[in-house]
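Numbering (our numbering), first residue to last: 197 to 382.
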């Protein structure tokens, strides 16, 4: 995709949205699938490197409350729970920010032109707001919380989108392990 060709990008987004509607998957109405996420992330990284702007991301996953130790890293939440949380996150992000899927249980919010300090403030605010109230649909609250970590693009240490995703995934895995250790300690 040419990053300056709005028509081509717009047609690609419409194609993804139509596929999501036809498949009935509400998650892909909110978050891009992993292939589109990778392609858009490549464009954001090249734009950030070219213009010398900041680029940050917030990786997050949805974890059941009170059962952190029993849940494996590969367990995905039911689609209605994931959709409810993703829509809450999307409402709290800027128009320039977007959400993508890294795998079944890990999502990333890309924050263009955001420094690492601003990304940490955004993540803290976002997680506090969403985790402070129950997220519900159809008259019931879901017993789950959001866990998140921040990644910042540094051209000296991160060469491409693949490395950015690997660093984001490993940072998030470390954060989940720290949460589990803390829960075991408590």
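Idealized CB from N, CA, C, for every residue including glycine. Only a predicted model underlies this, so the values are computations on that prediction, with no experimental measurement involved.
Going by other Cβ atoms of all chains shown within 10 Å of its Cβ, with 16 needed for buried, is residue i buried or exposed?
{"i": "residue 378", "result": "exposed"}
{"i": "residue 248", "result": "exposed"}
{"i": "residue 302", "result": "buried"}
{"i": "residue 266", "result": "Residue confidence is low: residue 266 scores 48 on pLDDT, short of 50, so the model does not pin down where it sits. No coordinate-derived value is stated."}
{"i": "residue 263", "result": "Model confidence at residue 263 stands at a pLDDT of 48, short of 50, so the residue's coordinates are unreliable and nothing is read from them."}
{"i": "residue 210", "result": "exposed"}
{"i": "residue 353", "result": "exposed"}
{"i": "residue 282", "result": "buried"}
{"i": "residue 200", "result": "exposed"}
{"i": "residue 206", "result": "exposed"}
DSSP on residue i, reduced to helix/strand/coil?
{"i": "residue 268", "result": "Unreliable positioning characterises residue 268 in this predicted model, as indicated by a pLDDT of 48, which lies under 50. The coordinate reading is nonetheless provided below. Residue state, collapsed to three classes: coil."}
{"i": "residue 346", "result": "strand"}
{"i": "residue 361", "result": "helix"}
{"i": "residue 230", "result": "helix"}
{"i": "residue 209", "result": "helix"}
{"i": "residue 353", "result": "coil"}
Taking Cβ positions, are residue i and residue j nearer each other than 8 angstroms?
{"i": "residue 364", "j": "residue 342", "result": "no"}
{"i": "residue 295", "j": "residue 227", "result": "yes"}
{"i": "residue 254", "j": "residue 319", "result": "yes"}
{"i": "residue 251", "j": "residue 288", "result": "no"}
{"i": "residue 277", "j": "residue 340", "result": "yes"}
{"i": "residue 241", "j": "residue 357", "result": "yes"}
{"i": "residue 304", "j": "residue 293", "result": "no"}
{"i": "residue 223", "j": "residue 260", "result": "no"}
{"i": "residue 360", "j": "residue 237", "result": "yes"}
My understanding is that residue i touches residue j, with C-beta atoms under 8 angstroms, so please give their C-beta distance in whole angstroms.
{"i": "residue 229", "j": "residue 297", "result": "6 angstroms"}
{"i": "residue 345", "j": "residue 380", "result": "So it is not a contact: roughly 19 angstroms between Cβ atoms."}
Among the options, which one has its Cα closest to the Cα of residue i?
{"i": "residue 284", "options": "308, 309, 258 and 299", "result": "258"}
{"i": "residue 225", "options": "366, 286, 375 and 370", "result": "286"}
{"i": "residue 299", "options": "317, 374, 206 and 234", "result": "234"}
{"i": "residue 231", "options": "201, 308 and 212", "result": "212"}
Verify the contact flag: residue i, CB atom, against every heavy atom of the ligand GTP, threshold strictly below 7 angstroms.
{"i": "residue 241", "result": "What this structure holds is no ligand at all, so the ligand GTP is not there to describe."}
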